[in-house]
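Residue numbers (my numbering): 1282 to 1713. Single-structure report; data block below.
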Amino acid sequence: METATLTRINMTAPSFTASVPQKPRSHLFTCLACQVAFPVADLQREHYGTDWHRYNLKRKVAELPPVTAEVFAQKVLAQQVQNRDHEAKASFSAACDACGKTYYSENAYANHLQSNKHKLADIKAAQNGNKQSKKPLTEGNLGANNTNNTNKDVSTNMITEETTDAELQEIIDKKIASAVKLTELDCLFCVHKSSTFELNLKHMTKAHSFFIPDIEYLVDLRGLIKYLGEKITVGNICLFCNGRGRGLRSLEAIDKGHCMLAYDREEDIMDIVDYYDFTSSYPDEEWEDVEDDEEGEDEEILIKDTSGEISARNLSERADVFYTDNETELILPSGARIGHRSLRRYYKQYLRPRESREKATVNRLLTDYSRDFGYKRTSRTRESGIMVTHPANKGGAATRVAFKDKRRQHEFDVRVGIKANKLQRHFRAQTF
(Lines of atoms letter the chains of each structure in order from A and count residues from 1; the text may use other names and numbers.)
(Lines give C-alpha, C1' and ligand atoms only; values in the text may rest on other atoms or scores of the structure.)
Protein backbone atom coordinates (compact mmCIF):
# COMPACT_ATOMS: atom_id res chain seq x y z
CA MET A 1 0.00 0.00 0.00
CA GLU A 2 2.76 2.40 0.87
CA THR A 3 4.61 1.44 -2.31
CA ALA A 4 1.65 2.38 -4.49
CA THR A 5 1.31 5.73 -2.77
CA LEU A 6 4.94 6.63 -3.31
CA THR A 7 4.71 5.62 -6.91
CA ARG A 8 1.68 7.88 -7.45
CA ILE A 9 3.47 10.82 -5.87
CA ASN A 10 6.50 10.41 -8.06
CA MET A 11 4.32 10.25 -11.13
CA THR A 12 2.65 13.58 -10.37
CA ALA A 13 5.89 15.44 -9.55
CA PRO A 14 6.99 18.04 -12.15
CA SER A 15 9.84 17.22 -14.39
CA PHE A 16 12.77 19.71 -14.48
CA THR A 17 14.63 20.07 -17.78
CA ALA A 18 17.88 21.89 -18.42
CA SER A 19 17.43 25.52 -19.71
CA VAL A 20 18.77 26.16 -23.17
CA PRO A 21 20.30 29.66 -23.71
CA GLN A 22 18.31 31.71 -26.28
CA LYS A 23 19.73 34.18 -28.87
CA PRO A 24 19.47 37.84 -27.57
CA ARG A 25 17.09 40.10 -29.50
CA SER A 26 18.35 43.38 -31.06
CA HIS A 27 16.93 46.53 -29.27
CA LEU A 28 15.29 49.30 -31.40
CA PHE A 29 15.16 53.00 -30.48
CA THR A 30 11.70 54.31 -31.30
CA CYS A 31 10.09 57.72 -31.72
CA LEU A 32 6.49 57.65 -30.51
CA ALA A 33 5.61 60.98 -32.11
CA CYS A 34 6.62 59.86 -35.63
CA GLN A 35 6.06 56.13 -35.04
CA VAL A 36 9.44 55.12 -36.44
CA ALA A 37 12.30 53.01 -35.02
CA PHE A 38 16.07 53.34 -35.29
CA PRO A 39 18.68 50.64 -34.74
CA VAL A 40 21.22 53.09 -33.31
CA ALA A 41 20.75 55.71 -30.59
CA ASP A 42 22.69 58.33 -32.58
CA LEU A 43 20.15 58.20 -35.39
CA GLN A 44 17.37 58.67 -32.86
CA ARG A 45 19.05 61.76 -31.40
CA GLU A 46 19.56 63.24 -34.87
CA HIS A 47 15.91 62.56 -35.67
CA TYR A 48 14.80 64.55 -32.61
CA GLY A 49 16.40 67.68 -34.12
CA THR A 50 14.67 67.47 -37.51
CA ASP A 51 11.72 69.58 -38.67
CA TRP A 52 9.75 66.43 -39.37
CA HIS A 53 9.88 65.40 -35.70
CA ARG A 54 8.94 68.91 -34.51
CA TYR A 55 6.02 68.98 -36.95
CA ASN A 56 4.72 65.65 -35.66
CA LEU A 57 5.10 66.85 -32.07
CA LYS A 58 2.81 69.78 -32.85
CA ARG A 59 0.34 67.42 -34.49
CA LYS A 60 0.45 65.20 -31.41
CA VAL A 61 -0.37 68.17 -29.18
CA ALA A 62 -3.30 68.97 -31.48
CA GLU A 63 -4.37 65.30 -31.23
CA LEU A 64 -3.71 64.65 -34.91
CA PRO A 65 -2.07 61.53 -36.38
CA PRO A 66 1.58 61.77 -37.46
CA VAL A 67 2.61 62.14 -41.10
CA THR A 68 5.26 60.17 -42.91
CA ALA A 69 8.53 61.61 -44.15
CA GLU A 70 7.30 61.61 -47.77
CA VAL A 71 4.14 63.56 -46.94
CA PHE A 72 6.14 66.04 -44.87
CA ALA A 73 8.58 66.60 -47.77
CA GLN A 74 5.67 67.35 -50.11
CA LYS A 75 4.26 69.87 -47.63
CA VAL A 76 7.65 71.59 -47.40
CA LEU A 77 7.93 71.90 -51.18
CA ALA A 78 4.40 73.30 -51.44
CA GLN A 79 5.16 75.87 -48.73
CA GLN A 80 8.35 76.95 -50.52
CA VAL A 81 6.43 77.49 -53.76
CA GLN A 82 3.83 79.54 -51.89
CA ASN A 83 6.52 81.66 -50.24
CA ARG A 84 8.14 82.38 -53.60
CA ASP A 85 4.77 83.51 -54.95
CA HIS A 86 4.29 85.85 -52.00
CA GLU A 87 7.79 87.28 -52.43
CA ALA A 88 7.18 87.85 -56.13
CA LYS A 89 3.95 89.70 -55.37
CA ALA A 90 5.60 91.73 -52.64
CA SER A 91 8.49 92.73 -54.90
CA PHE A 92 6.22 93.59 -57.83
CA SER A 93 6.62 97.13 -59.07
CA ALA A 94 5.33 98.65 -62.28
CA ALA A 95 5.56 102.23 -63.49
CA CYS A 96 3.20 104.12 -65.76
CA ASP A 97 5.22 106.76 -67.59
CA ALA A 98 2.17 108.37 -69.15
CA CYS A 99 0.49 109.00 -65.79
CA GLY A 100 3.68 109.32 -63.77
CA LYS A 101 2.62 106.73 -61.18
CA THR A 102 4.16 103.58 -59.72
CA TYR A 103 2.15 100.56 -58.61
CA TYR A 104 3.25 97.81 -56.24
CA SER A 105 0.28 95.48 -56.76
CA GLU A 106 -0.60 93.50 -59.87
CA ASN A 107 -4.34 94.04 -59.42
CA ALA A 108 -3.95 97.78 -58.95
CA TYR A 109 -1.69 98.03 -61.99
CA ALA A 110 -4.11 95.98 -64.15
CA ASN A 111 -7.07 98.12 -63.06
CA HIS A 112 -5.10 101.26 -63.86
CA LEU A 113 -4.35 100.04 -67.39
CA GLN A 114 -8.07 99.51 -67.98
CA SER A 115 -9.09 102.94 -66.70
CA ASN A 116 -10.18 105.72 -69.06
CA LYS A 117 -7.83 108.19 -67.42
CA HIS A 118 -4.84 106.04 -68.29
CA LYS A 119 -6.03 105.53 -71.86
CA LEU A 120 -6.34 109.29 -72.41
CA ALA A 121 -2.92 109.86 -70.90
CA ASP A 122 -1.48 107.10 -73.09
CA ILE A 123 -2.93 108.74 -76.23
CA LYS A 124 -1.45 112.11 -75.28
CA ALA A 125 1.92 110.52 -74.57
CA ALA A 126 1.84 108.74 -77.95
CA GLN A 127 1.09 112.01 -79.70
CA ASN A 128 4.06 113.63 -77.98
CA GLY A 129 6.33 110.77 -79.01
CA ASN A 130 6.72 109.38 -75.49
CA LYS A 131 4.86 106.11 -75.67
CA GLN A 132 4.43 104.30 -72.42
CA SER A 133 6.28 101.10 -71.62
CA LYS A 134 3.96 98.70 -69.82
CA LYS A 135 6.69 96.35 -68.60
CA PRO A 136 7.10 95.71 -64.88
CA LEU A 137 10.14 97.27 -63.32
CA THR A 138 13.13 94.97 -63.11
CA GLU A 139 16.45 95.57 -61.45
CA GLY A 140 17.79 97.10 -64.65
CA ASN A 141 15.09 99.66 -65.29
CA LEU A 142 14.81 100.34 -61.58
CA GLY A 143 18.47 101.33 -61.65
CA ALA A 144 17.82 103.49 -64.71
CA ASN A 145 14.94 105.27 -63.01
CA ASN A 146 17.00 105.79 -59.89
CA THR A 147 19.78 107.22 -62.02
CA ASN A 148 17.41 109.68 -63.69
CA ASN A 149 16.00 110.74 -60.36
CA THR A 150 19.49 111.06 -58.97
CA ASN A 151 20.48 113.27 -61.89
CA LYS A 152 17.49 115.49 -61.26
CA ASP A 153 18.38 115.70 -57.60
CA VAL A 154 21.98 116.46 -58.42
CA SER A 155 20.97 119.17 -60.88
CA THR A 156 18.95 120.88 -58.18
CA ASN A 157 20.95 120.01 -55.09
CA MET A 158 24.53 120.13 -56.34
CA ILE A 159 26.08 123.25 -54.85
CA THR A 160 29.64 124.03 -55.81
CA GLU A 161 31.93 126.94 -55.22
CA GLU A 162 30.88 128.40 -58.58
CA THR A 163 27.22 128.55 -57.54
CA THR A 164 26.15 132.15 -57.16
CA ASP A 165 24.00 133.50 -54.37
CA ALA A 166 21.06 133.93 -56.74
CA GLU A 167 21.27 130.30 -57.88
CA LEU A 168 21.60 129.13 -54.29
CA GLN A 169 18.56 131.13 -53.27
CA GLU A 170 16.63 129.73 -56.24
CA ILE A 171 17.48 126.16 -55.19
CA ILE A 172 16.35 126.88 -51.65
CA ASP A 173 13.10 128.45 -52.87
CA LYS A 174 12.35 125.41 -55.04
CA LYS A 175 13.03 123.10 -52.13
CA ILE A 176 10.73 125.08 -49.85
CA ALA A 177 8.00 125.28 -52.50
CA SER A 178 8.04 121.53 -53.15
CA ALA A 179 8.16 120.55 -49.46
CA VAL A 180 5.12 119.41 -47.52
CA LYS A 181 3.73 122.17 -45.34
CA LEU A 182 2.91 121.39 -41.72
CA THR A 183 0.65 123.72 -39.79
CA GLU A 184 0.58 124.17 -36.04
CA LEU A 185 -2.37 121.76 -35.95
CA ASP A 186 -0.42 118.88 -37.57
CA CYS A 187 1.47 116.34 -35.50
CA LEU A 188 5.21 116.28 -36.17
CA PHE A 189 5.44 112.48 -36.00
CA CYS A 190 2.22 111.08 -37.48
CA VAL A 191 -0.71 112.05 -39.70
CA HIS A 192 -2.90 113.14 -36.78
CA LYS A 193 -4.46 116.59 -37.14
CA SER A 194 -5.89 118.34 -34.07
CA SER A 195 -8.55 121.00 -33.90
CA THR A 196 -6.48 123.42 -31.77
CA PHE A 197 -2.82 124.08 -31.12
CA GLU A 198 -3.13 123.07 -27.46
CA LEU A 199 -4.74 119.74 -28.38
CA ASN A 200 -1.92 119.10 -30.85
CA LEU A 201 0.68 119.61 -28.13
CA LYS A 202 -1.28 117.34 -25.79
CA HIS A 203 -1.46 114.66 -28.50
CA MET A 204 2.29 114.76 -29.14
CA THR A 205 2.95 114.57 -25.38
CA LYS A 206 0.69 111.58 -24.71
CA ALA A 207 1.00 109.64 -27.98
CA HIS A 208 4.70 110.20 -28.72
CA SER A 209 6.10 111.31 -25.31
CA PHE A 210 7.25 114.56 -26.92
CA PHE A 211 8.77 116.83 -24.29
CA ILE A 212 10.06 120.39 -24.67
CA PRO A 213 13.15 120.91 -22.49
CA ASP A 214 13.43 123.99 -20.26
CA ILE A 215 9.89 125.00 -21.13
CA GLU A 216 9.78 127.49 -18.26
CA TYR A 217 12.22 129.67 -20.24
CA LEU A 218 10.42 129.25 -23.57
CA VAL A 219 9.10 132.55 -24.99
CA ASP A 220 7.96 131.55 -28.51
CA LEU A 221 6.22 128.19 -28.41
CA ARG A 222 4.40 128.49 -31.73
CA GLY A 223 7.57 129.64 -33.47
CA LEU A 224 9.48 126.65 -32.11
CA ILE A 225 6.85 124.15 -33.30
CA LYS A 226 6.77 125.82 -36.72
CA TYR A 227 10.57 125.67 -36.97
CA LEU A 228 10.59 121.98 -36.03
CA GLY A 229 7.98 121.29 -38.72
CA GLU A 230 10.09 123.04 -41.36
CA LYS A 231 13.14 121.17 -40.15
CA ILE A 232 11.34 117.87 -40.80
CA THR A 233 9.59 118.74 -44.07
CA VAL A 234 12.11 121.02 -45.77
CA GLY A 235 15.38 119.71 -44.36
CA ASN A 236 14.25 116.08 -43.93
CA ILE A 237 16.09 116.02 -40.61
CA CYS A 238 15.32 113.84 -37.61
CA LEU A 239 14.83 116.01 -34.52
CA PHE A 240 16.95 113.73 -32.34
CA CYS A 241 19.63 112.76 -34.88
CA ASN A 242 19.80 116.42 -35.97
CA GLY A 243 21.31 115.81 -39.40
CA ARG A 244 21.13 112.08 -39.92
CA GLY A 245 17.37 111.69 -40.26
CA ARG A 246 15.35 110.35 -43.16
CA GLY A 247 12.23 111.57 -44.93
CA LEU A 248 9.09 113.08 -43.52
CA ARG A 249 7.22 110.79 -41.13
CA SER A 250 9.66 107.94 -41.69
CA LEU A 251 9.57 104.92 -39.42
CA GLU A 252 12.76 106.02 -37.74
CA ALA A 253 11.23 108.58 -35.39
CA ILE A 254 8.58 106.27 -33.91
CA ASP A 255 10.40 102.93 -34.10
CA LYS A 256 13.65 104.24 -32.64
CA GLY A 257 11.98 106.49 -30.07
CA HIS A 258 13.35 109.66 -31.66
CA CYS A 259 10.22 111.74 -30.97
CA MET A 260 12.26 114.16 -28.92
CA LEU A 261 14.52 117.17 -29.25
CA ALA A 262 18.29 116.84 -29.27
CA TYR A 263 19.34 118.86 -26.23
CA ASP A 264 22.62 117.32 -25.07
CA ARG A 265 25.28 118.97 -27.19
CA GLU A 266 26.01 122.67 -27.44
CA GLU A 267 25.24 122.88 -31.16
CA ASP A 268 21.81 121.33 -30.54
CA ILE A 269 20.99 123.92 -27.90
CA MET A 270 22.21 126.79 -30.08
CA ASP A 271 19.91 125.56 -32.85
CA ILE A 272 16.78 126.48 -30.88
CA VAL A 273 18.14 129.06 -28.43
CA ASP A 274 16.40 131.89 -30.32
CA TYR A 275 13.07 130.69 -28.96
CA TYR A 276 14.22 130.81 -25.32
CA ASP A 277 15.02 133.57 -22.85
CA PHE A 278 17.37 132.46 -20.06
CA THR A 279 18.04 135.91 -18.61
CA SER A 280 15.89 135.18 -15.56
CA SER A 281 18.19 132.28 -14.62
CA TYR A 282 21.38 134.35 -14.63
CA PRO A 283 22.75 135.43 -11.23
CA ASP A 284 22.62 139.16 -10.54
CA GLU A 285 26.35 139.36 -9.73
CA GLU A 286 27.34 138.52 -13.30
CA TRP A 287 25.60 141.56 -14.76
CA GLU A 288 26.23 145.23 -14.33
CA ASP A 289 23.38 147.31 -13.01
CA VAL A 290 22.79 149.30 -16.15
CA GLU A 291 19.47 150.60 -14.89
CA ASP A 292 21.16 152.30 -11.95
CA ASP A 293 23.62 154.00 -14.30
CA GLU A 294 20.79 155.16 -16.51
CA GLU A 295 18.90 156.43 -13.48
CA GLY A 296 21.98 158.38 -12.44
CA GLU A 297 22.19 159.98 -15.86
CA ASP A 298 18.50 160.76 -15.70
CA GLU A 299 18.88 162.44 -12.36
CA GLU A 300 21.73 164.51 -13.71
CA ILE A 301 19.59 165.73 -16.58
CA LEU A 302 16.76 166.55 -14.21
CA ILE A 303 19.12 168.55 -12.03
CA LYS A 304 20.30 170.53 -15.00
CA ASP A 305 16.71 171.14 -15.93
CA THR A 306 15.93 172.53 -12.47
CA SER A 307 19.08 174.63 -12.34
CA GLY A 308 18.08 176.44 -15.50
CA GLU A 309 21.18 175.58 -17.51
CA ILE A 310 19.11 173.83 -20.16
CA SER A 311 15.37 173.96 -20.68
CA ALA A 312 13.01 171.11 -21.44
CA ARG A 313 12.01 172.67 -24.72
CA ASN A 314 15.63 172.73 -25.86
CA LEU A 315 15.81 169.03 -25.03
CA SER A 316 12.73 168.33 -27.11
CA GLU A 317 14.20 170.21 -30.06
CA ARG A 318 17.25 167.95 -30.18
CA ALA A 319 17.07 165.12 -32.68
CA ASP A 320 18.43 162.48 -30.30
CA VAL A 321 16.31 163.42 -27.27
CA PHE A 322 12.55 163.90 -27.50
CA TYR A 323 9.36 163.75 -25.46
CA THR A 324 6.54 161.27 -25.71
CA ASP A 325 3.08 162.32 -26.86
CA ASN A 326 1.81 163.15 -23.38
CA GLU A 327 5.10 164.89 -22.50
CA THR A 328 5.48 162.89 -19.29
CA GLU A 329 8.51 160.88 -20.41
CA LEU A 330 11.79 161.84 -22.01
CA ILE A 331 13.38 159.32 -24.38
CA LEU A 332 17.19 159.30 -24.56
CA PRO A 333 19.29 158.18 -27.56
CA SER A 334 20.00 154.90 -25.74
CA GLY A 335 16.29 154.14 -25.60
CA ALA A 336 15.98 154.75 -21.87
CA ARG A 337 12.90 156.61 -20.68
CA ILE A 338 13.03 159.34 -18.05
CA GLY A 339 9.79 159.86 -16.20
CA HIS A 340 8.56 163.05 -14.63
CA ARG A 341 9.18 163.32 -10.92
CA SER A 342 5.51 163.91 -10.23
CA LEU A 343 4.83 160.33 -11.34
CA ARG A 344 7.55 158.82 -9.17
CA ARG A 345 5.07 157.03 -6.92
CA TYR A 346 3.68 155.16 -9.91
CA TYR A 347 7.07 154.23 -11.30
CA LYS A 348 8.02 152.62 -7.97
CA GLN A 349 5.05 150.30 -8.15
CA TYR A 350 5.50 146.77 -9.46
CA LEU A 351 2.74 145.59 -11.77
CA ARG A 352 2.53 141.95 -12.66
CA PRO A 353 2.83 141.56 -16.43
CA ARG A 354 -0.27 140.30 -18.11
CA GLU A 355 -0.11 136.73 -19.31
CA SER A 356 0.10 136.56 -23.05
CA ARG A 357 -1.45 133.73 -25.01
CA GLU A 358 2.00 132.21 -25.45
CA LYS A 359 2.62 132.11 -21.69
CA ALA A 360 -0.83 130.69 -21.04
CA THR A 361 -0.13 127.86 -23.48
CA VAL A 362 3.22 127.15 -21.81
CA ASN A 363 1.53 127.07 -18.41
CA ARG A 364 -1.02 124.58 -19.68
CA LEU A 365 1.80 122.43 -21.02
CA LEU A 366 3.50 122.56 -17.64
CA THR A 367 0.25 121.44 -16.06
CA ASP A 368 0.10 118.46 -18.43
CA TYR A 369 3.72 117.61 -17.70
CA SER A 370 3.03 117.79 -13.96
CA ARG A 371 0.17 115.34 -14.34
CA ASP A 372 1.96 112.95 -16.71
CA PHE A 373 5.48 113.03 -15.26
CA GLY A 374 4.78 113.32 -11.53
CA TYR A 375 5.33 117.02 -10.86
CA LYS A 376 2.97 118.55 -8.29
CA ARG A 377 4.01 121.91 -6.87
CA THR A 378 4.10 125.01 -9.07
CA SER A 379 5.37 128.54 -8.59
CA ARG A 380 5.27 131.58 -10.82
CA THR A 381 8.47 133.35 -11.83
CA ARG A 382 8.42 137.05 -11.21
CA GLU A 383 10.20 138.06 -14.39
CA SER A 384 8.28 136.10 -17.01
CA GLY A 385 5.03 135.27 -15.26
CA ILE A 386 5.42 131.60 -16.19
CA MET A 387 4.58 128.84 -13.74
CA VAL A 388 7.65 126.73 -12.93
CA THR A 389 7.16 123.15 -11.76
CA HIS A 390 8.99 121.52 -8.87
CA PRO A 391 9.18 117.85 -7.88
CA ALA A 392 6.44 116.69 -5.58
CA ASN A 393 8.86 115.22 -3.01
CA LYS A 394 11.10 118.28 -2.81
CA GLY A 395 12.04 118.68 0.88
CA GLY A 396 10.05 115.63 1.85
CA ALA A 397 13.05 113.66 3.08
CA ALA A 398 14.17 116.43 5.43
CA THR A 399 10.64 116.73 6.84
CA ARG A 400 10.43 113.01 7.50
CA VAL A 401 13.82 112.96 9.23
CA ALA A 402 12.85 115.90 11.45
CA PHE A 403 9.56 114.21 12.37
CA LYS A 404 11.32 110.96 13.30
CA ASP A 405 13.87 112.82 15.43
CA LYS A 406 11.13 114.68 17.25
CA ARG A 407 9.16 111.49 17.92
CA ARG A 408 12.29 109.71 19.14
CA GLN A 409 13.02 112.57 21.55
CA HIS A 410 9.44 112.47 22.84
CA GLU A 411 9.62 108.72 23.48
CA PHE A 412 12.91 109.19 25.33
CA ASP A 413 11.40 111.89 27.54
CA VAL A 414 8.46 109.61 28.40
CA ARG A 415 10.78 106.76 29.40
CA VAL A 416 12.89 109.04 31.58
CA GLY A 417 9.77 110.40 33.27
CA ILE A 418 8.47 106.92 34.08
CA LYS A 419 11.80 105.87 35.58
CA ALA A 420 12.01 109.10 37.57
CA ASN A 421 8.60 108.50 39.09
CA LYS A 422 9.81 105.16 40.48
CA LEU A 423 12.70 106.88 42.31
CA GLN A 424 10.50 109.45 44.01
CA ARG A 425 10.36 109.14 47.81
CA HIS A 426 6.99 108.88 49.52
CA PHE A 427 6.72 109.71 53.24
CA ARG A 428 4.11 108.15 55.49
CA ALA A 429 2.64 109.83 58.51
CA GLN A 430 4.04 108.23 61.69
CA THR A 431 1.39 107.05 64.12
CA PHE A 432 2.22 106.21 67.72
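Beta carbons are placed, not taken as given, at the ideal position from N, Cα and C, and that holds for glycine.
In the three-state DSSP reduction, D1694 falls in the helix class (H, G or I). Residue state for F1319 is assigned as strand, using DSSP reduced to three classes. For G1504, no beta strand (DSSP E) segment is defined; the enclosing uninterrupted segment is the alpha helix (DSSP H) at L1502 to T1514.
Between the alpha carbons of D1549 and P1494 lies a distance of about 12 Å.
Annotation: D1403 to Y1390 spans about 14 Å, alpha carbon to alpha carbon. Taking all protein chains shown into account, I1553 has 16 or more neighbouring C-beta atoms within 10 Å of its C-beta and is therefore buried. Excluding the 5 residues flanking it on each side, E1465 has same chain C-beta neighbours closer than 7 Å at F1478, N1481, R1503, I1506 and K1507, in chain order. In the three-state reduction of the DSSP assignment, I1612 falls in the strand class. Scanning its chain for C-beta atoms nearer than 8 Å, with the 5 sequence neighbours on each side dropped, one finds around A1318 the residues L1309, F1310, T1311 and C1312, in chain order.
The beta carbons of L1469 and M1485 sit about 6 Å from each other, so the pair counts as a contact at 8 Å. Taking C-beta atoms as the reference points, L1463 and T1514 count as a pair closer than 9 Å. When rounded, the separation of the alpha-carbon atoms in R1625 and E1610 is 11 Å. For Y1384, the enclosing beta strand (DSSP E) covers residues K1382 to Y1384.
The secondary-structure analysis by DSSP pairs T1311 across a beta bridge with A1318. Boundaries cannot be given for A1617, as no beta strand (DSSP E) includes it and DSSP labels it neither H nor E. Check the Cα spacing between D1378 and each of Y1329, N1392, A1406 and S1459: the tightest is with A1406. Spanning the alpha carbons of R1326 and H1489 requires a straight line of approximately 51 Å. In the DSSP assignment, the residues bridged to C1377 are K1382. Contact between Y1628 and G1620 holds, with the beta-carbon distance rounding to 5 Å and staying under 8 Å.
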